[in-house]
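Right, one structure below, let's go through it.
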Ligand code: ADP
Ligand code: MG
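In the numbering used here, the protein residues as written are 162 to 613.
Right under this line is the structure:
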């Protein structure tokens, strides 16, 4: 590396915020210093453009001063080959593929699209009271990405359409801006890539991928960041870099930011900068409409009475609803029978029983414990820190609400607590549900998990 460039780097670094330095200067590679021309290499045309608009002038002054003669600076753009090995590494699901650094001349739109499931589009999303707010917000940001509501944070229980909406945003943005780099990534994938980039000393590539080379970032299931301190730290910087550039960020989670265990405060607060929207379990009419849409899409003959039968019996999870329909279609063509209510009752008997299944105190305790990342033992203990007593009170409330057990019986299941303890826990949580979004959301999420 030229000592001139090295010295220039040091001096620039002192005068820039470290974030900007990392983003815009560090990715540049030194190529040559021939005569009076310093040649650098940018990893992508975007960075070159940004650099030239914002930093070229002062860099030229800097190096000229250091060299004590006028030096011109030229920036080339690196040619990238897409390494096929890179493309197929990791989990081979098309939905999970994160783009490797793509060749600039490639039609980005088509490339990005491979990360997205083709079915998850706005056209296929049925809007009802349970999801209309989330849906409206999602559509809105496709019109003005990065301007309003950044980040958009979508939360809701499993199988309620978060991933569907997230990817619909991706599809629509690619339809409108085919050259944009829209990156869809699951939190798990982000974490794995981060860890392997650290190990393989490829952080520059990693950062380029998620910062300078990313126009829109869609991150799925951020609740998996719980306790992953280093990844959180990295994501924090990714977030800041993109946010500063007014790049749209959309995040999904199965809980509110402040309920993700051990999520750093500064990430929590970032997530609250934009708009937080929830998706609830769909109501009956929406469930019927979803079934119809799905049947139409897949060419499955579905009568009104079967649609209503399914919508009545499968309530809490759209994925299960769809699964039931697919199962019916498969069995009907295997057995050469048409899909009637009786047929559905027979084929789906296991699933329907489970949905009707009794909710026991044990099950409530297990769900609550895992929701709050505790052990059932903690709920049964007499320990009083809020991190334990609050989930315990929620569990007691749910036992009151969802089972027929007496106060004394519930108390016994919680390590022999007095019936008045159960009663006051129940009252307290009922009050909090009225007053506090956080508690209401937690209880609702748990009820959904329990299929109540
Ligand atoms: P989540 O990410 O919240 O767990 P998904 O987005 O994976 O849920 O949705 C589960 C399934 O249900 C997907 O096949 C999705 O297409 C479907 N689905 C969920 N909500 C809707 C809806 N409102 N309209 C149509 N399909 C839906
Ligand atoms: Mg999902």
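Don't be surprised by glycine CBs; every beta carbon is placed ideally from N, CA and C.
The model shown is predicted, which means the values in this text are computed figures rather than measured ones.
Q) Do you know offhand how far residue 492's Cα is from residue 459's? A) 15 Å
Q.
ligand 1 and residue 325: does any heavy atom of the ligand fall closer than 8 Å to the residue's C-beta?
A. Checking the Cβ of residue 325 against ligand 1 gives yes.
Q) What is the rounded straight-line gap between the Cα of residue 456 and the Cα of residue 282? A) 16 Å
Q | Own chain partners of residue 572 with C-beta closer than 8 Å, once the 5 adjacent residues on each side are dropped | A | Same-chain partners within the cutoff: 578, 579, 580, 582 and 583.
Q: Pull up the distance between the alpha-carbon of residue 276 and that of residue 285, whole angstroms please.
A: One Cα belongs to residue 276, the other to residue 285, and the distance between them is close to 18 Å.
**Q.** Which listed residue (371, 330 and 506) has its alpha carbon closest to that of residue 208
**A.** Residue 208 has its Cα closest to that of 371, out of 371, 330 and 506.
Q: Note down, in chain order, each residue of its chain lying with its Cβ closer than 6 Å to the Cβ of residue 412, except the 5 sequence neighbours on either side.
A: Residues 312, 314, 380 and 383 of the same chain have their beta carbon placed closer than 6 Å to that of residue 412, with the five preceding and five following residues left out of the count.
Q. Which class does residue 317 belong to by DSSP, given the choice of helix, strand or coil?
A. Under the three-state reduction of DSSP output, residue 317 falls in the strand class.
Q | residue 433 versus residue 419 - alpha carbon distance | A | 9 Å
Q) Does the Cβ of residue 413 lie closer than 8 Å to at least one heavy atom of ligand 2? A) yes
Q) So residue 202 is in the beta strand (DSSP E); what residue range does that whole segment cover? A) Run containing residue 202: 198 to 203, per the beta strand (DSSP E) assignment.
**Q.** Delimiting residues of the beta strand (DSSP E) encompassing residue 344
**A.** 343 to 347
Q) From what residue to what residue does the alpha helix (DSSP H) around residue 234 run? A) Element bounds for residue 234: not the alpha helix (DSSP H) but the beta strand (DSSP E), 233 to 238.
Q. Along the chain, where does the alpha helix (DSSP H) that runs through residue 378 open and close?
A. Looking at the DSSP string, residue 378 is not in any alpha helix (DSSP H); the run it does join, the beta strand (DSSP E), is 377 to 381.
Q) Would you call the region 333 to 345 and the region 421 to 436 touching, i.e. three or more CB-CB distances under 8 Å? A) no
Q.
Contact between the region 299 to 309 and the region 466 to 484 is defined here as three or more beta-carbon pairs at a separation below 8 Å; is this criterion met?
A. no
Q.
Could you check if residue 197 belongs to the surroundings of ligand 2, using beta carbon to heavy atom distance under 8 Å?
A. no
Q. With a Cβ-Cβ cutoff of 9 Å, do residue 173 and residue 198 count as a contact?
A. no
Q. Roughly how many angstroms separate the alpha carbons of residue 257 and residue 296, rounded to a whole number?
A. With a pLDDT of only 30 at residue 257, under the threshold of 50, the placement of this residue in the model should not be trusted; the figure read from the coordinates follows. Each residue's alpha carbon lies about 23 Å from the other.
Q: Report yes or no: do the region 487 to 501 and the region 536 to 555 share at least 3 C-beta pairs separated by less than 8 Å?
A: A contact is defined here as three or more CB-CB pairs under 8 Å, and the region 487 to 501 fails this definition with respect to the region 536 to 555.
**Q.** Between the CA atoms of residue 385 and residue 245 - distance to the nearest angstrom
**A.** The predicted model places residue 245 with a pLDDT of 37, which falls under 50 and marks its position as unreliable, so this point remains unresolved.
Q) Tell me, which residues are paired with residue 194 by DSSP? A) DSSP lists 199 as the bridge partner or partners of residue 194.
Q. With 16 as the cutoff for other CB atoms within 10 Å, does residue 505 come out buried or exposed?
A. buried
Q) For ligand 2, is there a heavy atom less than 8 Å away from the beta-carbon of residue 439? A) no
Q) Among all the DSSP beta bridges, which residues are the ones paired with residue 439? A) Under DSSP, the beta-bridge partners assigned to residue 439 are 316.
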